[in-house]
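Notes follow the structure.
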Amino acid sequence: MTADAPSTEERVPFHGALFEQDPSTLYAEMRRRHGPVVPVLLDGDLPAWLVVGYREVHQVTEDDELFARDTRRWNQWEHVPEDWPLLPYVVHNPSVMFTEGDEHRRRAGAIGDALSAVDQFDLRLHCERIADRLVDGFAGSGEADLMAQFAQQIPLLAVAKLFGMPEAEAPQLVRDVAISLDVGPDAIPAYMRVQESMARLVAEKHRNPGSDVPSHLLSHPSGLTDEEVVQDLLVVTAAAQQPTANWIGNTVRLMLTDDRFSMTLTGGRGSVGQALNEVLWHDTPTQNFIGRFAVRDTLLAGRRIRAGDMLVLGLAAANADPHGSLSLDADLMGNRAHLSFGHGEHGCPFPAPEVAEIIAGATVEVLLDRLPDLALSVPAESLVWRPSLWMRGLEALPVAFTPAYVSGV
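Numbering-wise, my numbering puts 452 at position 343 of the sequence shown, and it's gapless, one number per residue.
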């Protein structure tokens, strides 16, 4: 049985405060009413399909020939205004994000090889030093906002190490990447500054190559051009920053608000891995992802998908699908079948998820070791999520603790 194309009235508005603050309840209701593939309206009443079924997200992400990545296939471009807020997610650029087939495998393979060359033991030690230094900055005060003063700072400081960048350049890069990822008038100028920074870095690595990601990309046998390396470094930078920062923040929040972790905060390094994994299931940093575009007319879960239709990957909704990998009350220990890093050829290339977990895990462990009586300084229900359909992260994470001496690291 197939359904005709839904009318505008039948489509669910996929924007607004309800989705931003309590998305899981709404995803469950959408699944109940519409099934695993939901007709939605994006900002500006542009039609799309939100894929909320676990098996359907698998199907879409595994079939690159039918559900392709190049956004130029979208059949709604003539209706997109110049100031559409989601343009940064869909405007085509020459990065690995929008390549397909052999070209995508060439580019993603080079990134995977460059990340595989990272000394993970050295990266963990470096992340521990970063965390110690950041904790030193607020340890004596007895209070902190762990999003602004800790989680948001860590990923790009780690990326600076991976990229072989001078640490002095990292703070400006942190600011510019954060601005470029927000929707606002300063986003494009900030993005251009980040691009210029990467271009300077590539030029420097030509002169002075090292054991770092840009140098490995430049010498990779796939023969990447300088422009390709610049674009792909931008992708790695953006992918590392907000998702990893939110992963850190969401994990600390879970450990401070869930009774299962309250007894393990002091010296509780073993529980950090469990909390990190649980966050990926229940509060994954990347909630939704634009997505895929149908190459030809097809059917998906009984829905008639037209050539050029946009499919938004509902990663958080798919993780919570009761018909998916497991039920929400199941034991998540060791279960990594979540879709938080995507799936298929366009998922995060190995070992990017492993690198992100080292960054997040090492820094959360240091935080708990240094501040063992860490506690929220506001009621848990007053914490505010950032207003985004796409990312899941807190505006602030205010905490209190017994003032401690700095480590001297």
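For glycine and all other residues, C-beta sits at the position ideal for the given N, C-alpha and C.
The three-state reading of DSSP puts THR353 in helix, counting H, G and I together. In the three-state DSSP reduction, ALA427 falls in the helix class (H, G or I). By the Cβ neighbour-count rule, HIS325 is buried, with 16 or more other Cβ atoms within 10 Å of its own.
Taking VAL493 as reference, the option from GLN130, PHE123 and SER116 with the minimal CA-CA separation is GLN130.
Each of PRO194, GLY400 and TRP499 was checked against the Cα of ARG178, and the nearest Cα belongs to GLY400. Residue nearest to LEU363 within the set VAL344, VAL345, LEU342 and GLU387 is GLU387 (criterion: CA-CA distance).
Counting C-beta pairs with one atom in each stretch, the segment 309-329 and the segment 207-226 have three or more that are closer than 8 angstroms, which means they touch.
Residue pairing from DSSP places GLU252 in a beta bridge opposite ALA509.
Here the alpha carbon of GLN168 sits roughly 30 angstroms from the alpha carbon of ALA126. The Cβ atoms of CYS236 and THR472 sit closer than 8 angstroms to each other.
Between LEU232 and LEU448, the alpha-carbon positions lie close to 25 angstroms from each other.
In this structure, PRO264 is the residue among VAL227, GLY251, GLY417 and PRO264 with its C-alpha nearest to the C-alpha of ARG238. If you draw a straight line from the Cα of ARG495 to the Cα of ALA257, it comes to about 13 angstroms. Between LEU485 and the set ALA429, VAL361 and PHE450, the nearest pair of CA atoms involves VAL361. Annotation: ALA505 to GLU119 spans about 36 angstroms, alpha carbon to alpha carbon.
Annotation for ALA513: ALA248 place their beta carbon closer than 6 angstroms to its own, counting only its chain and skipping 5 residues before and after. Residue state for TRP186 is assigned as helix, using DSSP reduced to three classes. Note on TRP158: 16 or more other CB atoms within 10 angstroms of its CB, so buried under the neighbour-count rule.
Straight across, the Cα-Cα distance linking MET419 with GLY210 is about 19 angstroms.
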